[in-house]
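Quick note, in our numbering, the sequence shown goes up one by one and the last residue is 91. For each residue, glycine too, the CB sits at the ideal point set by N, CA and C. See below for the structure under consideration.
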Amino acid sequence: TLMDKVAVSRAVTKLIKNGRIDREFADADRRRSILNLSEEGKKVHNEIAPLALGFERELLRDIGEEDFATFNRILDQLREKASEIDN
Numbered sequence: 005t006l007m008d009k010v011a012v013s014r015a016v017t018k019l020i021k022n023g024r025i026d027r028e029f030a031d032a033d034r035r036r037s038i039l040n041l042s043e044e045g046k047k048v049h050n051e052i053a054p055l056a057l058g059f060e061r062e063l064l065r066d067i068g069e070e071d072f073a074t075f076n077r078i079l080d081q082l083r084e085k086a087s088e089i090d091n
């Protein structure tokens with residue numbers, strides 16, 4: 005994966021302690037977790053999402069479609085390369 009397992013585990017633990025997500029364990033494999041936003045997490049999401057989307061719109065407003073497509077292709081290539089390096 006693109007994220008360190010320890011970092012993900014710490015982040016999940018913190019979000020659970022802060023009441024932002026709920027965890028269930030998969031029936032077939034108890035090592036797997038099913039994570040869902042809690043009611044508190046949904047409230048935070050509903051407050052932050054419109055702000056983030058507005059910021060994104062403003063940030064990308066003057067970037068043309070062709071440049072944006074090029075940017076996304078390069079990001080995809082970087083993700084693929086990072087995944088190869090990580091493995």
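In the DSSP assignment, residue 38 falls within the beta strand (DSSP E) that extends over 37-41. With a cut-off of 8 Å on Cβ pairs, the segment 45-53 is not in contact with the segment 69-82, counting fewer than three such pairs. Counting along the chain, residue 65 sits inside no alpha helix (DSSP H), nor does DSSP assign it H or E at all. The beta-bridge partner set that DSSP reports for residue 25 consists of 41.
For residue 42 against residue 26, the beta-carbon gap comes to about 5 Å, under 8 Å, which counts as contact.
Here residue 65 is exposed: its Cβ has fewer than 16 other Cβ atoms, across all protein chains shown, within 10 Å.
By the neighbour-count criterion, in which 16 or more other beta carbons inside 10 Å mark a residue as buried, residue 19 falls on the buried side.
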